[in-house]
Amino acid sequence: MNDDSTIYTGKAAPDAAADRGWLLGHFKDPADPRHSEDVEIKWGVHPKGDERERWATAERRTALLVLISGRFRLEFPGRTVVLAEQGDYVLWGRGVDHSWYAEEDAVVLTVRWPSIPGYRVDEPSLSSCDDAHETGQRSLNAEIL
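Structural data, given as structure tokens:
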């Protein structure tokens, strides 16, 4: 970050790794220019075979997920979507349950709105009670959704 508080610069991979993939959202400190209650942005890095720990249900947000690299599968009730080429994306709205699976090493960018607490899925070995944001992953690297 530079000294001008109205402009923030960074690198997605290291910044995301510092906060389980999250670059922007309500869970950032209010003094951080990346704090937002309107939108969340996540840079997800998933090794092949990585999958969401459990389905996201009772969704109250709209989400857009864009494939940067690799191959990534999203599961919805009654439908499967595979993102296979750079730039492939899927959009889903409020009330749509979902899960995901990395068919190959994958990098995805997720944008969700609004930014609200209550969707965090803790890793099995962690005992954190912080529900400020979900990880949706088993590994400690930056995830996505």
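Quick note: the sequence shown, position 117, residue 162 per my numbering, numbers continuous.
Built from N, CA and C at the ideal position, the CB exists for glycine as well.
Counted within 10 angstroms of its Cβ, other Cβ atoms place T155 as buried (16 or more) or exposed: buried
Given 8 angstroms, three or more beta-carbon pairs between the stretch 71-89 and the stretch 145-155: yes
Residues of its chain near A129, where Cβ-Cβ distance is below 6 angstroms and the 5 sequence neighbours each way are ignored: R116
Other residues of its chain near V84: CB distance less than 8 angstroms, five sequence neighbours each side excluded: L69, G70, V156, R157, W158, P159, S160
For R157: DSSP bridge partner residues: E85, A108
Selection from P162, W145, I52 that minimises the alpha carbon distance to R99: W145
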